[in-house]
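Colleague: Have a look at this one before I ask anything.
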Amino acid sequence: MEIKSVVEQLYEVIKERRGNPVEGSYTSYLFEKGLDKILKKVGEEATEVIIASKNNNKIEEVSEICDLIYHLIVLMANQGIDIEDIAQELDKRREKTCNKKAERKPIENI
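Residues -2 to 107, numbered by our numbering, are exactly what the sequence shown covers, in order.
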């Protein structure tokens, strides 16, 4: 199965859970708890991806990246962002070349 199909199917299941909660469903639980809980999970999973990558553990990295993608898709569904919105934006960015931004200036006088 290709990644596009998997992500699209996952997105549809997540949207279904949002509109029709299922008892005992983790996805339904996240929607019930609301945006703050969803954002907390996105942050936690992003941190876990960073740690797994620093530990250079591919199996753990793949697992944590999947967790992050899942929670990002929950966030998208919660916020009414469709996969097509993301695809269009990524397609626009793909057309850009030579758009590297300058390094940020260090923070001084803290």
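For each residue, glycine too, the CB sits at the ideal point set by N, CA and C.
Taking buried to mean at least 16 other C-beta atoms within 10 Å of its own C-beta, is Tyr23 buried or exposed?
Modeller: As a first step, residue 23 is located in the sequence shown; it is residue number 26 there, counting from the start. The residue is exposed, with fewer than 16 neighbouring Cβ atoms inside 10 Å.
Colleague: Since Val46 and Leu72 are thought to touch, with beta carbons under 8 Å apart, how far apart are those beta carbons, to the nearest angstrom?
Modeller: Reading the sequence shown from its first residue, position 49 is the one you call residue 46. Reading the sequence shown from its first residue, position 75 is the one you call residue 72. Contact doesn't hold; Cβ gap of about 15 Å is too wide.
Colleague: When you compare the CB positions of Glu61 and Ala49, do they come within less than 7 Å of one another, or not?
Modeller: Within the sequence shown, the letter at position 64 stands for residue 61. Within the sequence shown, the letter at position 52 stands for residue 49. Contact flag set, yes.
Colleague: Kindly give me the distance between the Cβ atoms of Leu7 and Ile78, rounded to whole angstroms, as I take these residues to be in contact under 8 Å.
Modeller: For this step, residue 7 is matched to residue 10 along the sequence shown. For this step, residue 78 is matched to residue 81 along the sequence shown. Their Cβ separation, rounded to whole angstroms, is 14 Å, which puts Leu7 and Ile78 out of contact at 8 Å.
Colleague: Return the chain-ordered list of same chain residues with a C-beta closer than 7 Å to the C-beta of Glu42, the five sequence neighbours on each side being excluded.
Modeller: Counting from 1 along the sequence shown, the entry for residue 42 is found at position 45. Excluding positions up to five away in sequence, the list reads Glu61, Asp64, Leu65 and His68.
Colleague: Suppose contacts are defined by Cβ-Cβ distances below 7 Å. Is Arg14 in contact with Ser25 by that definition?
Modeller: What you label residue 14 is simply residue 17 of the sequence shown in a count that begins at 1. What you label residue 25 is simply residue 28 of the sequence shown in a count that begins at 1. Yes, they are a contact pair.
Colleague: By a C-beta neighbour count over all protein chains shown, 10 Å radius and 16 as the cutoff for buried, is Ile11 buried or exposed?
Modeller: As a first step, residue 11 must be located in the sequence shown, where it is residue number 14. Result: buried.
Colleague: Which of the three DSSP states, helix, strand or coil, is assigned to Ala99?
Modeller: Position 102 of the sequence shown, counting from 1, holds the residue named residue 99. DSSP places Ala99 in coil when its eight states are reduced to three.
Colleague: So is Asn32 buried or exposed if we call it buried at 16+ other beta carbons inside 10 Å?
Modeller: For the purposes of this step, residue 32 is taken as residue 35 along the sequence shown, with counting starting at 1. Reading off the sequence, residue 32 comes out as Leu, not Asn. Under this definition Leu32 is an exposed residue.
Colleague: How far does the alpha helix (DSSP H) with Ile78 in it reach, from first residue to last?
Modeller: The residue labelled residue 78 in the question sits at position 81 within the sequence shown. First-last for Ile78: undefined, no H or E at that position.
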